[in-house]
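So the sequence shown is numbered by my numbering: it starts at 2 and just counts up by one. Glycine included, every Cβ here is placed at the ideal spot set by N, Cα and C. Single-structure report; data block below.
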Amino acid sequence: MNFLYQQLDSVSKMGFLKKEMPDFLTGNLNSNFEIREYQKEAFARFFHCYNNEFENKKYPLHFLFNMATGSGKTLIMAGLILYLYNEGYRNFLFFTRFDNIVKKTIDNFLNSESNKYLFDKEISIDNKKIAINQVSNFEDSDPNGINICFTTISKLHGDIYTEKENSITLEDFKKHKIILIADEAHNFQVATRQNTISPELEKPTWENTIQKIFELNKQNLLLEFTATLDWENKGVAEKYQDKVIYRYDLKQFRNDGFSKDPALFYTDTDRKTRMLQAIILSQYKQEVATKNGIQLKPVVLFKAQRTITDSQENKKLFHELIENLSVDDIKSVRSKTNVAILQKAFEFFKENKITDSVLVKKLQNGFAENKCLDANNDNEIENNQILLNSLEDANNQIRAIFAVQKLNEGWDVLNLFDIVRLYETRDGKNNIPGKTTIAEAQLVGRGARYYPFSLNENDEKYKRKFDNDRENELAILEQLHYHSHNESRYISEITKASVEQGLLDETERDVDFKLKEEFKTKQFYKSGIVWSNKRVKTDFEKKKVLENLPCRKTNITFKISSGIGSEEMVFGQSRQVLRGQFVPERKDIKLPQIEKHVVLKALQKSEFYNFSKISEFIPELKSIDELVESEKYLAGFAITLEGRKEDIDNLNNQIYFEAVLKLLNIIQQEIQSNTSEYEGTKEFEASSFKVVFGDKKVKVKIGSENENGRWDYVKDKDWYVFDSFYGTSEEKDFVDLVARMIDELREKYQEIYLVRNERVLKIFSFKDGSAFEPDYLLFMKDKKGKDLNYQLFIEPKGMHLAEYDKWKNEFLQEITEMNKTKMALEYKSKKYKILGVPFYNKAKENDFRDKFYEILN
2 MNFLYQQLDS VSKMGFLKKE MPDFLTGNLN SNFEIREYQK EAFARFFHCY
52 NNEFENKKYP LHFLFNMATG SGKTLIMAGL ILYLYNEGYR NFLFFTRFDN
102 IVKKTIDNFL NSESNKYLFD KEISIDNKKI AINQVSNFED SDPNGINICF
152 TTISKLHGDI YTEKENSITL EDFKKHKIIL IADEAHNFQV ATRQNTISPE
202 LEKPTWENTI QKIFELNKQN LLLEFTATLD WENKGVAEKY QDKVIYRYDL
252 KQFRNDGFSK DPALFYTDTD RKTRMLQAII LSQYKQEVAT KNGIQLKPVV
302 LFKAQRTITD SQENKKLFHE LIENLSVDDI KSVRSKTNVA ILQKAFEFFK
352 ENKITDSVLV KKLQNGFAEN KCLDANNDNE IENNQILLNS LEDANNQIRA
402 IFAVQKLNEG WDVLNLFDIV RLYETRDGKN NIPGKTTIAE AQLVGRGARY
452 YPFSLNENDE KYKRKFDNDR ENELAILEQL HYHSHNESRY ISEITKASVE
502 QGLLDETERD VDFKLKEEFK TKQFYKSGIV WSNKRVKTDF EKKKVLENLP
552 CRKTNITFKI SSGIGSEEMV FGQSRQVLRG QFVPERKDIK LPQIEKHVVL
602 KALQKSEFYN FSKISEFIPE LKSIDELVES EKYLAGFAIT LEGRKEDIDN
652 LNNQIYFEAV LKLLNIIQQE IQSNTSEYEG TKEFEASSFK VVFGDKKVKV
702 KIGSENENGR WDYVKDKDWY VFDSFYGTSE EKDFVDLVAR MIDELREKYQ
752 EIYLVRNERV LKIFSFKDGS AFEPDYLLFM KDKKGKDLNY QLFIEPKGMH
802 LAEYDKWKNE FLQEITEMNK TKMALEYKSK KYKILGVPFY NKAKENDFRD
852 KFYEILN
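Here it is in structure tokens:
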């Protein structure tokens, strides 16, 4: 079965999918939320399918996003609301199964004081402020605003079949074109999964209700979002064959580094000891974060199996544990544990002078009763919801949560680092995970949301950083531990369920990636230098933003409306009536020639020209008056007016106002498209080779050609510095080429070393600071006594990715162009040339070779 998302996969890989984000969309989302590459892909696929015809496209439009828990589906919803508002939609219906998800989403969409609010403080499209309104129906909705009705599917279903005052009705869906947004949409596919859906929609099920209201207006649009689509069910697969536009599952999400890395932690202990182990590990994570300047309060979830009574007993046992905690309890855990991560925690405590007595006090303070939450308590449901949705906030002190089923869906938390299973029963049979075990794996998936942190401006805040540096103490902040009793059948079942969910990858293992011992004796290893640049905040003052805009160098043309037009019959014989013709005249007008109040009025039409906003791009600006009057700024612009002679001779303030408005809109567009918050420095700095490159642990596919490192392939290549090879087939082709070129290179160069960059060294785009980790660095020294050293960045790239990563190729060429005309860099009296070589591709190998030598010469 060929799915729509698979066709779009091909379109995307071939580079035919436009991934430019509209300014009105990105500019009206909360700037604290970075739009990630996979989210841009999701937007691009929707734009493509919405605006273009394709096979089996049906109206009203119905699309589904199958995206992993934690991947930011709600941010995509917010962006699509803005996009569809711009397309003329005003009414939106958000519905899901659980009330807690509804409340959380209302907070995300409407509460501008929430740290998870998704929109900008003020939404403005086409210079008009847009209000977001919560409505109960669409009868009196704001024709200029975004109107959202939030509801559960059960309430929606009841309102449709039992009309009540102020509730939504079938008439709403007939009269208005409405965007239906279904979250956790797998809950609405029961009839399809069971093959009981009625084509006539006679049976009043949730699924039939959605289908019924959706089809009442051909301009309606149904957008479904879920992380768990049942692809194995024939009915679901057939229904969604032409509706799923993006499949970005948990396995891909995890492999791309956007989640925590889950780990199973199992020991032969009772409940009390399991609790103590978990909070010791939690405290270890907090201490590591504090030591490295990261603000983190890690949370532990204690999970009961069936009843609230069980959970309350767990909570009581925990409070007794904390109240009576002693140094002997800590010593007992330390002496008995053989779990490496717990041993590492105790080593950390020792190295950082956290004694057992200090640890006891920290645990008693951190996990005091007022810092524990019973999530099952329906009497405190409102307060609990606030606390559960704000666990990352500095003023939220909750460290431990006790729950049964309350948090199985819709829980959005980033600082959950430990889940403790406080029961030993299992429901699996014949090594097949039961429903409870699958639900437990899904809960781990929800807890695996990554806690964003960065140690410097060059870090990717929302991605794992230590996959290939597992010995780094900070790697613990990228892991979620699931604690359970050590029962072999259960461990096998939870492992299998976790693999199926995409949380664990049994096909990978950690291996050593080491520098050759012989290479470590070389002088280059001991004193060699590696050059790289940094990512910095853009210095808009140096950029002189307004002075370099295209519309300053060439006037924009404003055509004065003439009233001249034509008339053409729609039916019957075509005829055209012209109401006059003229040869246009033109006149250049500088902005200082226009009355100041006209320019100020035009500036007031856009939030972009508020002083607080425009001064971000012109930091030296002192006032709006200076913006208007200074030749450096707007006074240096001019407009070419074009129109009839009588209009040119009788210019008035309305014409000037419209002309200035057009100029200001173009200036805004050019500033926003040509500037970025970050940029890569054009100055490269030296670092010690042995500090940057060293022995690592890397992940490899079990059973792959590279699993054992292919020592036989690299052992005789004295210029290849690592003792193993884990690269792609394209990389192997490149290394083979270097092997064939090495004798020729040695005629002119000495100390030739090829280094595989295993996600160690980053360089940053001059244009916008995007991070790039070139696959290889080639170091060479000139033989001609010039003491000139070369460092080349090289990236083997398959044809299917060349277009997608086009910016990297351009960046490599920019590095070379910049350094061709500059003097060689100097470090300790030695000279260095830093160069970038365009992508290597086996199909164009000779082109690469020619370019390689051309750059060196």
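The region 418–438 touching the region 483–498, judged by at least three CB pairs closer than 8 Å: yes
Unbroken beta strand (DSSP E) run spanning Val245, endpoints: Translated into positions along the sequence shown, residue 245 becomes position 244. Residues 245–249.
Nearest-angstrom Cβ-Cβ length linking Thr210 and Phe151, presumed shorter than 8 Å: As a first step, residue 210 must be located in the sequence shown, where it is residue number 209. As a first step, residue 151 must be located in the sequence shown, where it is residue number 150. With 8 Å as the limit, Thr210 and Phe151 do not qualify as a contact, their Cβ atoms being about 17 Å apart.
Closest residue to Val600 among Asn842, Ile625, Ile619, Lys588 (Cα-Cα distance): For the purposes of this step, residue 600 is identified with residue 599 of the sequence shown, where counting begins at 1. Considering only alpha carbons, the answer is Ile625.
Nearest to Arg46 (by Cα), restricted to the options Ile77, Leu388, Pro61, Ala69: The residue labelled residue 46 in the question sits at position 45 within the sequence shown. If we check each option's Cα against that of Arg46, Ile77 comes out closest.
Gln443 versus Gln406, Leu478, Glu461, Thr426, residue with shortest Cα-Cα distance: In the sequence shown, the residue the question calls residue 443 occupies position 442. The candidate whose alpha carbon is nearest that of Gln443 is Gln406.
Enclosing beta strand (DSSP E) for Ser688 [first to last residue]: Numbered from 1 along the sequence shown, position 687 holds the residue referred to as residue 688. Its beta strand (DSSP E) spans residues 686–689.
Per DSSP, the bridge partner or partners of Phe514: Working through the sequence shown from its first residue, we reach residue 514 at position 513. Phe514 is bridged to Lys697.
For Asn3, three-class secondary structure by DSSP: Taking the first residue of the sequence shown as position 1, residue 3 is located at position 2. Coil at Asn3, not helix or strand.
For Phe638, three-class secondary structure by DSSP: Translated into positions along the sequence shown, residue 638 becomes position 637. Residue state, collapsed to three classes: coil.
Reference Gln135; option with closest CA among Arg850, Lys104, Tyr162: Indexing the sequence shown from 1 puts residue 135 at position 134. Residue Lys104 holds the alpha-carbon nearest to the alpha-carbon of Gln135 among Arg850, Lys104, Tyr162.
For Thr153, three-class secondary structure by DSSP: To locate residue 153, count along the sequence shown from 1; it is residue 152. Strand at Thr153.
Secondary structure of Gly159, DSSP reduced to three states: Counting from 1 along the sequence shown, the entry for residue 159 is found at position 158. Residue state, collapsed to three classes: helix.
Residues sharing a beta bridge with Tyr285, DSSP: Counting from 1 along the sequence shown, the entry for residue 285 is found at position 284. The partner list for Tyr285 (beta bridge, DSSP) is empty, contrary to what the question assumes.
Integer Cβ distance of Phe454 from Ile295, believed to fall under 8 Å: Taking the sequence shown and counting its residues from 1, the one referred to as residue 454 is at position 453. Taking the sequence shown and counting its residues from 1, the one referred to as residue 295 is at position 294. With a Cβ gap of about 5 Å, Phe454 and Ile295 count as contacting.
Close beta carbons around Tyr84, own chain, < 6 Å, minus the five adjacent residues each side: On the sequence shown, position 83 is the one that residue 84 refers to. Cβ within range, chain order: Leu26.
Sub-8 Å separation of Tyr727 and Phe467 beta-carbons: In the sequence shown, residue 727 corresponds to position 726, counting from 1. In the sequence shown, residue 467 corresponds to position 466, counting from 1. Cβ distance not < 8 Å, so Tyr727 and Phe467 don't count as in contact.
Run of the alpha helix (DSSP H) containing Gln40, from where it starts to where it stops: Translated into the one-based positions of the sequence shown, residue 40 becomes position 39. Following the DSSP letters along the chain, one finds Gln40 inside the alpha helix (DSSP H) bounded by residues 38–52.
Cβ-based neighbour list, Lys74, same chain, cut-off 6 Å, excluding 5 preceding and 5 following: Mapped onto the sequence shown, residue 74 falls at position 73. Correct list, in chain order: Met68, Phe226.
Where Trp720 sits in the DSSP three-state scheme: The sequence position of residue 720 within the sequence shown is 719, counting from 1. Correct three-state label for Trp720: coil.
Contact the region 748–765 vs the region 710–727: 3+ CB pairs below 8 Å: yes
Segment contact, 8 Å Cβ cut-off, at least three pairs: the region 325–340 with the region 307–314: Between the region 325–340 and the region 307–314 there are fewer than three inter-stretch CB-CB distances shorter than 8 Å, so the stretches are not counted as touching.
Three-state secondary structure assigned by DSSP to Asn148: As a first step, residue 148 must be located in the sequence shown, where it is residue number 147. Strand at Asn148.
Check whether Glu494 and Asn432 have beta carbons under 8 Å apart: Translated into positions along the sequence shown, residue 494 becomes position 493. Translated into positions along the sequence shown, residue 432 becomes position 431. Cβ distance < 8 Å, so Glu494 and Asn432 count as in contact.
Local Cβ density within 10 Å of Phe254, reported as buried at 16 or more and exposed below that: Taking the first residue of the sequence shown as 1, we reach residue 254 at position 253. Buried, by the Cβ-count rule.
C-beta atoms of Leu30 and Gly80 nearer than 8 Å: Reading the sequence shown from its first residue, position 29 is the one you call residue 30. Reading the sequence shown from its first residue, position 79 is the one you call residue 80. Result yes, Cβ atoms of Leu30 and Gly80 sit closer than 8 Å.
Residues of its chain near Gln463, where Cβ-Cβ distance is below 7 Å and the 5 sequence neighbours each way are ignored: Translated into the one-based positions of the sequence shown, residue 463 becomes position 462. Looking at the sequence provided, one finds Tyr at residue 463 rather than Gln. So the qualifying residues of the chain are Glu35, Arg37, Phe259, Tyr451, Pro453.
Three-state secondary structure (DSSP) of Ala476: Numbered from its first residue, the sequence shown carries residue 476 at position 475. Note: Ala476 maps to helix in three-state DSSP.
Nearest-angstrom Cβ-Cβ length linking Asp776 and Glu796, presumed shorter than 8 Å: By one-based count along the sequence shown, residue 776 stands at place 775. By one-based count along the sequence shown, residue 796 stands at place 795. The Cβ separation is near 5 Å, so the contact holds.
Strand pairing of Arg757, partner residues [DSSP]: The residue given as residue 757 occupies position 756 in the sequence shown. Looking at the DSSP assignment, Arg757 forms a beta bridge with Tyr777.
Where Phe34 falls: helix, strand or coil (DSSP): One-based indexing of the sequence shown puts residue 34 at position 33. Of the three classes helix, strand and coil, the one that applies to Phe34 here is coil, per DSSP.
Cβ-based neighbour list, Val237, same chain, cut-off 8 Å, excluding 5 preceding and 5 following: In the sequence shown, the residue the question calls residue 237 occupies position 236. Answer for Val237: Gln190, Thr193, Arg194, Leu230, Asp231, listed in chain order.
Inside the region 414–474 only - beta strand (DSSP E) runs reaching at least 3 residues: 417–422
Assigned exposure category for Arg741 - 16 Cβ within 10 Å defines buried: On the sequence shown, residue 741 is found 740 positions in, with the first residue counted as 1. Burial call: exposed.
Where Asn862 falls: helix, strand or coil (DSSP): There is no way to answer for residue 862, as the model of the chain reaches only from 2 to 858.
Cutoff 8 Å; reference Leu18; Cβ partners in own chain excluding five residues on either side: For the purposes of this step, residue 18 is taken as residue 17 along the sequence shown, with counting starting at 1. Only Leu9, Val12, Glu42, Ala45, Arg46, His49 meet the Cβ criterion.
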